[in-house]
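For reference, the structure discussed in these notes is given below.
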Amino acid sequence: MDVDRFWQLIETARASAATVGKPLDEVMVSLLAERPSQEILAYAARFDAVHDGLYRWDVWAAAYLMGGGCSDDSFIDFRAGVIALGREWYERTAADPDSLAGHPAVVAYRDEACSTRT
């Protein structure tokens with residue numbers, strides 16, 4: 297599966313999840329279940345490659361700082377979460393992991409955490 301098709305599937309799942317109010321992972325499973333076996337395998341291979349692309353110390357450091365720590369398993373989930381944010385945020389993170397600090401969900405979490413501490 298080429299990278300554009302991979303990200304197209306991610307964006308389709310994201311849009312559908314937002315529309316129907318279901319978790320992204322459930323929508324992604326349903327979307328892939330409609331595909332031929334070869335396409336599912338190709339998606340899995342591309343996911344692994346994209347996921348591995350974030351297996352770097354600078355990305356791990358960003359995950360550690362945002363989460364107040366980051367175990368091996370947490371880092372696996374963190375990278376999957378970055379993929380779930382879509383291509384734009386994946387590419388931003390790959391280029392500059394610190395850019396995740398500007399993601400709306402991170403900003404909202406930070407603001408909420410800061411308001412409960414003060």
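Heads up, the sequence shown is in our numbering, so the first residue is 297 and it goes up one at a time. Beta carbons: idealized from backbone N, C-alpha and C, even for Gly. Predicted model only: the values in this text are computed from it and were never measured.
Item	Value
Residue from A404, Q304, L396 with nearest C-alpha to A357	L396
Reduced DSSP category for P393 - H, G, I as helix; E, B as strand; rest coil	helix
The region 385–402 touching the region 330–342, judged by at least three CB pairs closer than 8 Å	no
Coarse secondary structure for R301, derived from DSSP in three states	helix
Nearest-angstrom beta carbon gap, I306 and H347 [assumed within contact, 8 Å]	That pair is no contact at about 12 Å.
Top-ranked residue by Cα proximity to A404, from I372, P332, Y351, M362	M362
Nonlocal neighbours in the same chain, by C-beta distance under 8 Å from C366, ignoring five residues either side	W356, A359, Y360, F374
Burial state of V323, where buried means 16 or more other Cβ atoms lie within 10 Å	buried
L350, DSSP secondary structure in three states	coil
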